[in-house]
Amino acid sequence: MAESIVKFLETWSPIDIVLIAQNFDRFLWGALTTLELTIISLLVGGILSIPLAIIRAGNNKILNAPVWLFTYVFRGTPLLVQTYLIYYGLGQFEWIRETFLWGPVLSQAWYCALIAFSLNTAAYTAELLRGSIVNTSRGEIEAAKACGFSRAMRMRRIVLPSAFRRALPAYSNEVIFMLHGSVVASTITIQDLLGVGRWLNGRYYLAYEGFITAAVLYFIIVLLVSRGFRLWEKHWLAHLYPQDAVKTKPKKGLASFRI
Amino acid sequence: MDLILEYQDQLLSGTWVTIKLALLSLLFAVFFGLIGAWAKLSKNIVAQKIAAAYTAIVRGVPDLVLILLVFFGGQELANSIGTLTGLWEYAEISQFAAGVGTIGVVFGGYMTETFRGAILAIPKGQIEAGVACGMSRITIFRRVIWPQMVVYALPGFSNNWLVQIKSTALVSVIGLQDVVYNGFVAGRSTRQLFTFMFAVLMIYLVLTAISDSGLRWLDKKYSKGIVRSDDG
């Protein structure tokens, strides 16, 4: 039975499904590399972005200018060029090649991709968070002031928890954007999901198989991520949604008065 | 700096390729976006389903994967169709065509959502009024929907464009001689990759800065007489 299926696929399928199945474990490893790169850069970038966002939302002009420049440059240029600049560019400088960081970190494609991705997502996330910090309702801050909260305490207890929640829908876009952006890793020799697809096509001289498999796996990952975020939003933003219509439905006799 | 001046011809011709690529694919994106928005809002269930699948795929799969698939797979497909039908012997898809087509289709998906939202923002009564006045569907689109849609779509459109112009860098991976590719080649032959990649970075920054201010100006111009709430 299994043999005849394989035989059927080998003769009739327009793409070589058997070959994909044989190399599927490599694709899974590639997917793992993609996820690893994405998740670690999101974590590092996310942690970096919090102080940056607070600075951008504040009034300190001396601190604000460099942070603005950082976010402007990283948001205004392609991730591919940023990654090339770090991976290929840093080697130009003698003094960088002589530091202790060169061997274990800066000459490694994986770390270079990680640095570029983290800085990139930090810039986008900082601007996104800044928006939601600035939009915190005035009343909440006034109430905190009236209770005698210091500025740091207001930020920690009032502004940030609510800003994080309100930034969640936009942040889910950033996560997917980063996942899409992580394909850049395959251009600097990293065997991520797309890297494996390119390897397969190069090795067996194929046109579709590797890319289609990578495309399908990326699609599945994006689908799962956006589903996950939707559930997360339901949980963390429940207080901002309109009340459930069924629960607050007025009694029949009163309905006509409630226009 | 002297080195960059020495290679300025390559960088400038690359920049020109990038600009052409970005603008042409924008044209395609707007075209696909309009068709997609029309399909999503139409009563035809098949059209709705196709449009939904289109936006889902385009937003789910990274653009570089699609560019590679179109460039290498499309070539193979064109050749097998050629041999199957006997119409042509050998077809070649250029890097530029693959780039324009793919980026156009991908951002058409993003434009679909932008345009759909913009059309939905137009009060339904106006379209009904158009129908009541005996306007044809094309006249309603031209006179009622389009002028207002442009205004509502502009913020989303600006965002898409700024992302799109950066996406064009990916086409260098399939060997299109755009600004990234030319900068990379120049940097490698002079062993000054940082200098050249930094120059490329600055070129992109100028391109996005110009588009940003241009779009802001357009937004100001078109949103005269429209009240926007601040917390949008």
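Chains as they are written, first to last, in our numbering: chain S, 1 to 259; chain C, 1 to 232. Quick reminder that beta carbons are idealized off the backbone N, C-alpha and C, glycines included.
**Message:** For a cutoff of 7 Å on Cβ pairs, would you count S:V196 as touching chain C?
**Reply:** Chain C, which has no Cβ nearer than 7 Å to the Cβ of S:V196, makes this no.
**Prompt:** CB S:V67 to CB S:L52, shorter than 7 Å?
**Reply:** Yes; because the gap between Cβ atoms is below 7 Å, this pair is in contact.
**Request:** Using a Cβ cut-off of 7 Å, pull out every chain C residue sitting near S:I170, in sequence order please.
**Result:** Residue identity check: residue 170 of chain S is Ala in the sequence provided, not Ile. Contact annotation for S:A170 against chain C: no contact, minimum CB-CB distance about 11 Å [criterion: below 7 Å].
**Inter-residue spacing [alpha-carbon to alpha-carbon] between C:F115 and S:I86** = If you take the alpha carbons of C:F115 and S:I86, they lie about 37 Å apart.
**Message:** Considering just the uninterrupted stretch of the alpha helix (DSSP H) at C:W161, what are its terminal residues?
**Reply:** Where C:W161 is concerned, the enclosing alpha helix (DSSP H) starts and stops at 146-167.
**Item:** Any C-beta of chain A under 7 Å from that of S:T77
**Value:** Protein chains S and C are contained in the structure displayed, whereas chain A is not.
**Prompt:** Closer than 7 Å, CB to CB, is S:Q92 near chain C or not?
**Reply:** Yes, contact with chain C.
**Request:** Using a Cβ cut-off of 9 Å, pull out every chain S residue sitting near C:D63, in sequence order please.
**Result:** The CB of C:D63 comes closer than 9 Å to the CB of H180, V183 in chain S, given here in chain order.
**Message:** Using 8 Å as the cut-off, can you tell me whether the segment 76-90 of chain C makes contact with the segment 181-194 of chain C, which would need three or more C-beta pairs spanning the two stretches below that distance?
**Reply:** Counting Cβ pairs under 8 Å, fewer than three are found: no touch.
**Message:** Out of S:L224, S:L160, S:L231, which one is the CA nearest neighbour of S:R130?
**Reply:** S:R130 has its Cα closest to that of S:L160, out of S:L224, S:L160, S:L231.
**Asked** Shorter than 7 Å from the beta carbon of C:K43 to some beta carbon of chain S?
**Response** Output row for C:K43: interface = no.
**Message:** Any beta carbon from chain S within less than 7 Å of C:V185's own beta carbon?
**Reply:** In terms of beta-carbon proximity, C:V185 stays away from the interface with chain S, with every pair separated by 7 Å or more.
**Item:** Beta carbon proximity, C:K49 to chain S, threshold 7 Å
**Value:** Any Cβ of chain S closer than 7 Å to the Cβ of C:K49 would place that residue at the interface, and such an atom is absent.
**Message:** Quick check on DSSP: helix, strand or coil for S:P273?
**Reply:** The structure shown does not extend to residue 273 of chain S, since chain S is modelled only from 1 to 259, so the question has no answer here.
**alpha helix (DSSP H) segment containing C:D212, residue limits** = Judged by DSSP secondary structure, C:D212 falls within the alpha helix (DSSP H) whose first and last residues are 193-222.
**Request:** Between the Cα of S:N120 and those of S:R154, S:V184, S:A31, S:Y205, spot the shortest distance and give me the residue it belongs to.
**Result:** Comparing alpha carbon positions, the residue from S:R154, S:V184, S:A31, S:Y205 closest to S:N120 is S:V184.
**Asked** Out of C:I210, C:K224, C:L205, C:D219, which has the shortest C-alpha to C-alpha gap to S:F70?
**Response** The residue with the shortest Cα to Cα distance from S:F70 is C:L205.
**Request:** Could you tell me the distance, in whole angstroms, from the CA atom of C:I35 to the CA atom of C:L120?
**Result:** Using only the alpha carbons, I get a separation of about 15 Å.
**Asked** Any C-beta of chain C sitting closer than 7 Å to the C-beta of S:L85?
**Response** With 7 Å as the cut-off, S:L85 counts as an interface residue toward chain C.
**Message:** Please state the DSSP three-state secondary structure of S:F177.
**Reply:** Reduced to three states, the DSSP call for S:F177 is helix.
**Message:** I want to verify the contact list: residues of chain C whose CB lies under 8 Å from the CB of S:F211, in sequence order.
**Reply:** Neighbours of S:F211 on chain C, chain order: V65, L68, L69, F72, G73.
**Message:** The alpha helix (DSSP H) that contains S:T213, what's its start and end?
**Reply:** 209-236 is the extent of the alpha helix (DSSP H) around S:T213.
**Item:** Start-end ranges of the alpha helix (DSSP H) lying completely within the segment 125-161 of chain S, minimum 4 residues
**Value:** Whole alpha helix (DSSP H) segments, 4+ residues: 138-146, 151-154.
**Request:** Identify which residue in C:I103, C:E128, C:Q192 has its Cα closest to the Cα of C:T168.
**Result:** The option with the nearest alpha carbon to C:T168 is C:I103.
**Asked** Which parts of the segment 43-131 of chain C are runs of the alpha helix (DSSP H), unbroken and 4 residues or longer, counting only runs that do not cross its ends?
**Response** Whole alpha helix (DSSP H) segments, 4+ residues: 45-60, 63-68, 74-85, 95-120.
**Message:** Which residue marks the beginning of the alpha helix (DSSP H) containing S:Y72, and which one marks its end?
**Reply:** Element bounds for S:Y72: 61-76.
**Message:** Please report the distance separating the alpha-carbon of S:G302 from that of S:Y171.
**Reply:** Coverage of chain S is limited to positions 1 through 259, which leaves residue 302 of chain S absent and any answer about it impossible.
**Beta-carbon separation (whole angstroms), S:A207 vs C:F72, contact threshold 8 Å** = Between C:F72 and S:A207 the Cβ distance is about 5 Å, and since that is below 8 Å, they are a contact.
**Message:** Helix, strand or coil for S:F117? Go by DSSP, reduced to three states.
**Reply:** S:F117: helix per DSSP, three-state reduction.
**Message:** Measuring only the C-alpha atoms, how far is S:L63 from S:G181?
**Reply:** Their backbone Cα atoms lie some 29 Å apart in a straight line.
**Message:** Measuring only the C-alpha atoms, how far is S:T99 from S:G195?
**Reply:** Near 30 Å, if we compare the C-alpha coordinates of S:G195 and S:T99.
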